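Colleague: Numbering-wise, full-length UniProt numbering puts 14 at position 14 of the sequence shown, and it's gapless, one number per residue.
What follows is a single structure, and I will ask about it in a moment.
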Amino acid sequence: MGEVISLNISEKRGTEKAQVSFVNAIEGFGIEGDAHAGNWDRQISILPIEAMSKIPSNKMEEVKNGGFTENITISGILLDDLKIGDVIQVGEAVIKIQHIGKEEYKEHGRPYIVSREGRFGIVIRGGKINIGDFVKTIKSE
């Protein structure tokens, strides 16, 4: 079982996200108040902190000092345990993983790792998510 270690939202796409203590995930929409929410297949972005081990040493400082670009940062779940099609419970919400990474990799800051190892999904059951909430796999593909 994993844990939520950071929650982040932004009102405008392409900007760093501000850390918040809780979010409301809305079924079929994403996180209330976040610019990436909507009727599409990347409503929520999740970064397992374990992905940081994949960052080359020459990029590490830049990524660590970059602002958050993911909605939910988690720990305690291995990257290989979050595959496309998996369904996870995060706090009260249930999310289905639709994508790993992005079509176009970013080369600078926090987007460097999120664009490669971030998980993107849809909210299939809404609910409140708090920092410290559990993360567990409900269904693995």
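No residue lacks a Cβ here, since even glycine has one placed at the ideal position from N, Cα and C.
Fair warning: this is a prediction, and the values are worked out from it, not measured in the lab.
1. Please state whether the Cβ-Cβ distance between F22 and I129 is less than 9 angstroms.
2. Straight-line CA distance for E32 to V94?
3. Taking H99 and D41 to be in contact with their CB atoms under 8 angstroms, please state how far apart those CB atoms are, rounded to whole angstroms.
4. Within the continuous beta strand (DSSP E) that includes E3, where are the two ends?
5. What span of residues does the beta strand (DSSP E) with P56 cover, start to end?
6. In terms of residues, what are the limits of the beta strand (DSSP E) holding G67?
7. Just the Cα atoms here: how many angstroms apart are K96 and G126?
8. Considering only the beta carbon of each residue, do I72 and I44 sit closer than 9 angstroms?
9. Could you tell me how far apart the beta carbons of N8 and E70 are, in whole angstroms, since I believe they sit closer than 8 angstroms?
10. Report all residues from its chain with a CB closer than 7 angstroms to the CB of V114; omit the five preceding and five following residues, and keep chain order.
11. Under a three-way DSSP split, which group does S115 fall into?
12. For a quick check, are the C-beta atoms of E16 and D133 less than 9 angstroms apart?
13. Less than 6 angstroms between C-beta atoms, sequence neighbours within five positions excluded: which residues of the same chain meet that for K139?
14. Sorted by chain position, which residues of the same chain lie with C-beta nearer than 6 angstroms to R13's C-beta, five sequence neighbours on each side aside?
Modeller: In short:
1. The residue given as residue 22 occupies position 22 in the sequence shown. The residue given as residue 129 occupies position 129 in the sequence shown. In this structure, I129 lies closer than 9 angstroms to F22 by Cβ.
2. Taking the sequence shown and counting its residues from 1, one reaches residue 32 at position 32. Taking the sequence shown and counting its residues from 1, one reaches residue 94 at position 94. Computed Cα separation, rounded: 15 angstroms.
3. Translated into positions along the sequence shown, residue 99 becomes position 99. Translated into positions along the sequence shown, residue 41 becomes position 41. At roughly 7 angstroms, the Cβ-Cβ gap stays under 8 angstroms, so H99 and D41 are in contact.
4. Reading the sequence shown from its first residue, position 3 is the one you call residue 3. From DSSP, the beta strand (DSSP E) with E3 extends over G2 to I9.
5. To locate residue 56, count along the sequence shown from 1; it is residue 56. From DSSP, P56 is part of no beta strand (DSSP E); its letter is neither H nor E.
6. Here residue 67 refers to the residue found at position 67 of the sequence shown. Careful: G67 lies outside any beta strand (DSSP E) and carries neither H nor E.
7. On the sequence shown, position 96 is the one that residue 96 refers to. On the sequence shown, position 126 is the one that residue 126 refers to. Between K96 and G126, the C-alpha separation is close to 12 angstroms.
8. Looking up residue 72 in the sequence shown gives position 72. Looking up residue 44 in the sequence shown gives position 44. Yes, Cβ-Cβ distance for I72 and I44 is below 9 angstroms.
9. Locating residue 8 in the sequence shown gives position 8, counting from the first residue. Locating residue 70 in the sequence shown gives position 70, counting from the first residue. At roughly 7 angstroms, the Cβ-Cβ gap stays under 8 angstroms, so N8 and E70 are in contact.
10. Against the sequence shown, residue 114 aligns to sequence position 114. Same-chain partners within the cutoff: S45, L47, T69 and E70.
11. Against the sequence shown, residue 115 aligns to sequence position 115. Looking at S115 - three-state DSSP - the assignment turns out to be helix.
12. The count along the sequence shown starts at 1 and reaches residue 16 at position 16. The count along the sequence shown starts at 1 and reaches residue 133 at position 133. Not closer than 9 angstroms, so no.
13. Against the sequence shown, residue 139 aligns to sequence position 139. So the qualifying residues of the chain are V87.
14. Within the sequence shown, numbered from 1, the residue matching residue 13 stands at position 13. The answer, listed in chain order, is A35.
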